[in-house]
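Asker:
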């Protein structure tokens with residue numbers, strides 16, 4: 036594990052053993068970089084230079100010195116750019132999970148050569164609150180995503196529902212997360228303080244892979260099918276049977292071939 040000092044705090048990151056083209060992984064709300072260990076330590080991680088980091092207020096990164104300045108999607112995208120610049124990466128593929136997918140979409144508007152973007156557990160929504168309501172499913176656990184203070188039982192329930200598996204590292208990640216990050220991020224999202232993600236995926240030429248679990252507990256899969264994607268990879272939304280919010284963990288056998296095929300398609304010219 037290495038760290039980078041930024042205006043948003045000290046950012047913890049790790050890299051796989053691969054020396055090929057770069058792939059940036061961005062985790063979700065109240066999670067941590069270790070959620071992608073199966074990918075970084077797997078076959079693709081030995082081929083590609085995979086990079087995962089902890090968002091400010093998450094995992095081994097420090098809490099943000101100015102929470103209102105740092106705990107929202109645009110600032111998280113800034114952190115990703117700072118890290119990539121530090122690592123000398125100018126072109127990469129991006130894999131974003133849940134909140135990380137929203138950050139990945141934000142990166143499409145930045146000065147970064149994104150070879151391709153894979154999102155999972157992420158509905159691209161516009162700034163209109165109606166889009167938020169359409170893109171997500173109402174549930175008790177969904178309410179936890181915005182709650183600053185979680186009780187012990189609530190933290191466990193949220194962690195387990197998020198990955199679909201009872202995993203100690205995720206429970207620790209939820210407990211560790213600066214609760215202000217949940218509250219401030221959601222307040223900003225509801226207020227529309229992010230790019231118009233729906234319009235962006237309907238106009239961006241960057242190849243976009245959309246992967247979702249058939250049993251997704253947070254995202255409305257029917258909403259995903261209503262978008263007119265400009266460059267949807269393989270011209271389909273990839274729905275993984277028996278999977279929930281985190282296909283890369285609860286359905287690794289189905290997810291890994293998709294990831295490998297996508298990376299080969301968008302990074303083959305490097």
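Numbering (my numbering), first residue to last: 36 to 305.
Beta carbons: idealized from backbone N, C-alpha and C, even for Gly.
Remember, it's a predicted structure, so these values are computed and weren't measured experimentally.
1. Look at the Cβ atom of residue 289, then the Cβ atom of residue 199, and state whether they are nearer than 8 angstroms.
2. According to DSSP, simplified to helix, strand and coil, what is residue 72?
3. Going by the DSSP bridge assignment, what does residue 132 pair with across the sheet?
4. For the beta strand (DSSP E) that contains residue 84, what are its first and last residues?
5. Can you check which of these residues, 304, 73, 64, 107, is closest to residue 226 by C-alpha distance?
6. So residue 38 is in the beta strand (DSSP E); what residue range does that whole segment cover?
7. Closer than 8 angstroms is the cut-off here; do at least three beta carbon pairs connect the region 83-101 with the region 197-213?
8. From this set, 278, 277, 80, 66, which residue's C-alpha is nearest residue 133's C-alpha?
9. So, residue 151 versus residue 240, is the Cβ gap smaller than 8 angstroms?
10. Please state whether the Cβ-Cβ distance between residue 74 and residue 294 is less than 8 angstroms.
11. Which residues share a DSSP beta bridge with residue 273?
12. Hey, how far is the Cα of residue 110 from the Cα of residue 102?
13. For the region 148-210, list the beta strand (DSSP E) runs that are entirely contained and at least 3 residues long, ordered along the chain.
14. Assuming residue 58 is part of the beta strand (DSSP E), what are its boundary residues?
15. Is DSSP giving residue 126 helix, strand or coil here?
16. Looking at the secondary structure, which residues open and close the alpha helix (DSSP H) in which residue 283 lies?
Answerer: This is what the structure holds:
1. Here residue 289 is taken as the residue at index 254 of the chain shown, counted from 1. Here residue 199 is taken as the residue at index 164 of the chain shown, counted from 1. No. Outside cutoff.
2. Here the question's residue 72 lines up with position 37 in the chain shown. Helix at residue 72.
3. Stepping through the chain shown from its first residue, residue 132 is reached at position 97. Beta-bridge annotation (DSSP): residue 132 is paired with 155.
4. In the chain shown, counting from the first residue as 1, residue 84 sits at position 49. In this chain, the beta strand (DSSP E) harbouring residue 84 covers 84-88.
5. Indexing the chain shown from 1 puts residue 226 at position 191. Ranking 304, 73, 64, 107 by Cα distance to residue 226 puts 107 first.
6. Along the chain shown, one-based indexing puts residue 38 at 3. Here the beta strand (DSSP E) through residue 38 covers 37-41.
7. In short, these stretches touch, since the Cβ pair count reaches three.
8. The residue labelled residue 133 in the question sits at position 98 within the chain shown. Closest by alpha carbon: 66.
9. Numbered from 1 along the chain shown, position 116 holds the residue referred to as residue 151. Numbered from 1 along the chain shown, position 205 holds the residue referred to as residue 240. It is not a contact, given that the beta carbons lie outside the stated cut-off.
10. Residue numbering aside, residue 74 sits at position 39 when the chain shown is read from its first letter. Residue numbering aside, residue 294 sits at position 259 when the chain shown is read from its first letter. Yes, the pair counts as a contact, with Cβ atoms nearer than the cut-off.
11. Along the chain shown, read from residue 1 onward, the residue named residue 273 stands at position 238. Answer is 246, bridged to residue 273.
12. Looking up residue 110 in the chain shown gives position 75. Looking up residue 102 in the chain shown gives position 67. C-alpha separation (whole angstroms): 10 angstroms.
13. You should have 148-155.
14. To locate residue 58, count along the chain shown from 1; it is residue 23. Unbroken beta strand (DSSP E) run through residue 58: 57-61.
15. Working through the chain shown from its first residue, we reach residue 126 at position 91. Assignment of residue 126 by DSSP, reduced to helix, strand and coil, places it in the strand class.
16. One-based indexing of the chain shown puts residue 283 at position 248. Run containing residue 283: 282-285, per the alpha helix (DSSP H) assignment.
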